Amino acid sequence: MVQVHPRPKNLARAEKRRSRPFLWRGQHGGEEQRSITCYAPTCLHYHTLISLLFVLGTWSPNYITKFKGGRKMGIPQDYESASMDDTKVTVPFPAPTKQAVGEINGVKTDVMSIFFADKIMITVTQNGRLAQWVYLFRSLIKAIIC
Amino acid sequence: MPLLSDNPTQSDPYFQTIRSEDDALLPSARFQPRTLLGAGGSNRETLGQLYASQIATAIATKSPEESRTLMLGLGLAKAEMDRDIFLQIINLVLKVL
Chain A
1 MVQVHPRPKN LARAEKRRSR PFLWRGQHGG EEQRSITCYA PTCLHYHTLI
51 SLLFVLGTWS PNYITKFKGG RKMGIPQDYE SASMDDTKVT VPFPAPTKQA
101 VGEINGVKTD VMSIFFADKI MITVTQNGRL AQWVYLFRSL IKAIIC
Chain B
1 MPLLSDNPTQ SDPYFQTIRS EDDALLPSAR FQPRTLLGAG GSNRETLGQL
51 YASQIATAIA TKSPEESRTL MLGLGLAKAE MDRDIFLQII NLVLKVL
């Protein structure tokens with residue numbers, strides 16, 4: 001960023017300006033000589049330069065081929081390799097959930113079921129209470145099949 | 001002759017007493033539900049285990065390959081051993097299975 005300014009007539013003020021964060025060049029010329037003021041690069045300039053480099057970098061052909069296919073940065077989207085691995089189990093998320101409402105003996109009853117990967121949770125609620133939990137083990141459910 | 005268990009009437013399907021289609025809606029005696037929390041008396045505990053057995057039977061009838069554990073949360077206002085109330089609640093549960 002180069003700007004052209006007339007040479008300051010008051011040298012004392014010019015000497016004060018030297019303490020400011022920019023450079024004076026050509027101050028010792030003649031009275032009619034116009035000096036060229038060159039500002040020292042500030043943080044803003046570095047920021048602009050880095051932004052420019054970043055924009056140029058994103059438009060490079062290498063970057064375009066790397067992120068081809070509409071993929072977004074920062075989000076791992078390589079699901080193909082995860083599904084190919086047999087040791088991993090894909091669990092649907094969120095768990096399948098169903099709800100039903102009915103009136104039993106004049107009381108509103110909410111029934112909800114959540115099918116987790118290892119459990120089936122069913123809740124039967126009247127008046128918003130949920131006080132009793134009953135557990136039925138997996139092997140005992142399977143016993144009826146065998 | 002296959003011997004699947006010490007007590008053949010308990011787990012051997014060849015000696016299953018309740019095999020007819022009419023009685024298939026009854027909860028199986030093999031299920032042993034356990035109360036985790038909040039039994040609230042023997043009456044309530046029995047009712048909760050009966051519900052759990054009935055729901056587990058319904059699940060096993062619908063999907064025989066089911067191997068997941070069943071967790072049943074109950075919050076009944078009154079622990080009534082009434083046939084109509086029992087069937088209505090089971091009907092509601094069958095809607096969400």
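Those protein sequences? They're chains A and B, same order as listed.
Note that the working numbering gives residue 24 to position 24 of the first sequence, counting from 1, and the numbers run on in steps of one.
Note that the working numbering gives residue 6 to position 6 of the second sequence, counting from 1, and the numbers run on in steps of one.
Note that CB positions come from ideal geometry on N, CA and C, so glycine has one too.
Note that the structure is predicted; figures quoted are calculated from it, not measured.
B/ALA52 and B/LEU72: beta carbons closer than 8 Å? yes
Pull up the CB-CB distance for B/LYS62 and A/ALA100, whole angstroms please, since I reckon it's below 8 Å. Contact doesn't hold; Cβ gap of about 15 Å is too wide.
Specify the secondary structure class of B/GLU45 as computed by DSSP and reduced to three states. helix
Taking the beta carbon of B/LEU87 as the centre, do at least 16 other beta carbons fall within 10 Å, making it buried, or is it exposed? exposed
Taking all protein chains shown into account, do 16 or more other C-beta atoms lie within 10 angstroms of the C-beta of B/GLY41, making it buried, or fewer, making it exposed? exposed
Can you list the residues of chain A that B/MET81 reaches, using a CB-CB cut of under 7 Å? Correct list: empty, because the minimum Cβ distance to chain A is about 13 Å.
Starting from A/GLN132, follow the beta strand (DSSP E) in both directions and report where the run begins and ends. 132 to 136
State yes or no: is the beta carbon of A/PHE137 nearer than 8 Å to at least one beta carbon in chain B? yes
Among A/PHE116, A/VAL107 and A/GLY128, whose alpha-carbon lies nearest the alpha-carbon of A/PHE93? A/PHE116
Going along the chain, which residues of its own chain have a beta-carbon closer than 8 Å to the beta-carbon of B/ALA58, five neighbours each way excluded? ILE90, VAL93, LEU94 and LEU97
Inter-residue Cα distance where the pair is B/GLN49 and A/TYR135: 9 Å
Could you pull out every residue in the same chain whose Cβ sits closer than 6 Å to the Cβ of A/ILE122, ignoring the five residues on either side in sequence? SER113
Does A/THR48 come out as helix, strand or coil in the three-state DSSP assignment? helix
Which residues in chain A have a C-beta closer than 9 Å to the C-beta of B/GLN54? List them in chain order. Residues of chain A passing the Cβ test: none, with the nearest at roughly 11 Å.
Considering only residues of the same chain and omitting the five flanking positions on each side of B/ALA56, which have a CB-CB separation below 6 Å? PHE31 and LEU70
Does DSSP put B/PHE86 in a helix, in a strand, or in coil? helix
Does the separation of the CB atoms of B/LEU74 and A/VAL124 fall below 8 Å? yes
Is the beta carbon of A/ASP118 within less than 7 Å of some heavy atom of the ligand ATP? Within the structure as shown, the ligand ATP is missing, as the structure has no ligands at all.
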